[in-house]
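Take a look at the structure set out below.
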Amino acid sequence: MTELVNLAVADGVATITLDSPHNKNALSQQLTGELLTHLEAAGADDAVRVIVIRSAQDVFCSGADLSEATTVGMGVGAQRMVDVQRAIVANPKPVVARVAGPVRAGGIGIVAAADISVAGESATFALTEVRLGLAAATISLTVLPRLTDRAAAYTFLTGNGFDALEAARLGLLTLTVPDADLDNALTTVLESLLKGAPQGLHETKKLLNRELLADIDARGKDLAELSASLFASPAAQQAMRAFLTRKK
């Protein structure tokens, strides 16, 4: 089986790369399983000081794997999304998202869970769940704390897309830069983080994420069950199949 997520460690940085081009890094059970494995490995590796999550191609993440959702269901997939977000938030190392290209639905949960998210200005975002009879249930755990109430209502209810500059203004992104400057901006962030002592970084991250982690632990299971039930509903199944047909 071809690996969909790659891990490389160099100079104190663990780079986790989403590399599933056939479905634009959709959050399949295989991809989320491998992502969890690599997050755990990087978190436990004393040689790692900082973790980067990025994509190998020009799409960061297309959201849930709708082909999987219309066949095997989302009982496992929905809980996996909770687990992925928790693995990022609870990881002892700072996690930085390098965002390039489109980010849709569940992929926004990864961006929001990261401690720092840096994007190129051509990146685009959309919480499209509502248009398929779904709700952004599991990723609400990390996305809602980043947004104002008004921004959350607009983005969650309309499903409208927004660009990287708007994402930074709304609080979803830490920084938006010209596409050509993305890697330089990432390097600058990493250099600053690597100046921190491991204990200082770990304890500071715990302080920053204490309430968020407690909320994930308190509500994650219920939101995963809600998400799975919505994916299994006749309305959502019909909408997803129609979407997949249009794509062909």
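Heads up: the sequence shown begins at 2 in the numbering used here, then just goes up one per residue.
Cβ atoms here follow ideal geometry from the backbone N, Cα and C, with glycine treated the same way.
With burial defined as no fewer than 16 other Cβ atoms inside 10 Å of the residue's Cβ, what is the status of Leu-148: buried or exposed?
buried
Proximal residues to Ile-217 (C-beta, below 6 angstroms), its chain only, five neighbours per side dropped
Arg-87, Leu-142
Give me the Cα-Cα distance between Gln-200 and Arg-211, rounded to the nearest whole angstrom.
16 angstroms
Out of curiosity, what's the CA-to-CA distance linking Gly-134 and Glu-226?
16 angstroms
For the alpha helix (DSSP H) holding Ala-219, just list the boundary residues, first then last.
199-233
Any chance you could list the beta strand (DSSP E) runs of at least 3 consecutive residues sitting entirely within the segment 122-154, in chain order?
125-127
Confirm the yes/no value for this check: CB of Thr-246, any heavy atom of the ligand SAH, distance under 8 angstroms.
Among the ligands in the structure shown, none appear at all, so the ligand SAH cannot be discussed.
Helix, strand or coil, according to DSSP, for Asn-26 in the structure here?
coil
Would Asp-84 and Thr-38 qualify as a contact pair, given that the criterion is a beta-carbon distance under 9 angstroms?
no
Gly-110 vs Ser-56 beta-carbon contact at 9 angstroms
no
For Asn-26, count neighbouring Cβ atoms within 10 angstroms of its own Cβ and tell me buried if that reaches 16, exposed if not.
buried
I'd like to know whether the C-beta atoms of Val-100 and Ala-181 end up nearer to each other than 9 angstroms.
no
Going by C-alpha distance, which of Thr-156, Gly-197, Pro-146, Lys-94 is nearest Ala-215?
Pro-146
Following the continuous alpha helix (DSSP H) through Ser-21, name the residue where it begins and the one where it ends.
Neither: Ser-21 is in no alpha helix (DSSP H) and is coded neither H nor E.
Val-97 in three-state terms, based on DSSP:
strand
Got a sec? Which residues, its chain only, sit under 6 angstroms from Ala-138 by beta carbon, not counting five neighbours each side?
Leu-224, Leu-227, Ser-228
Boundaries of the alpha helix (DSSP H) in which Ser-193 is found, first to last residue
183-195
Rounded Cβ spacing between Gly-108 and Gly-160 (contact assumed at less than 8 angstroms):
Between Gly-160 and Gly-108 the Cβ distance is about 14 angstroms, and since that is not below 8 angstroms, they are no contact.
Assuming Thr-16 and Val-6 are in contact, meaning their beta carbons sit under 8 angstroms apart, how far apart are those beta carbons, in whole angstroms?
Going by Cβ atoms, the distance from Thr-16 to Val-6 rounds to 11 angstroms, so no, they are not a contact pair.
Rank Gly-197, Val-90, Leu-36, Asn-185 by C-alpha distance to the C-alpha of Gly-121 and give the top, closest one.
Asn-185
Range covered by the beta strand (DSSP E) that runs through Ser-56
51-56
Arg-105 - partner residues in DSSP beta bridges:
Ala-127
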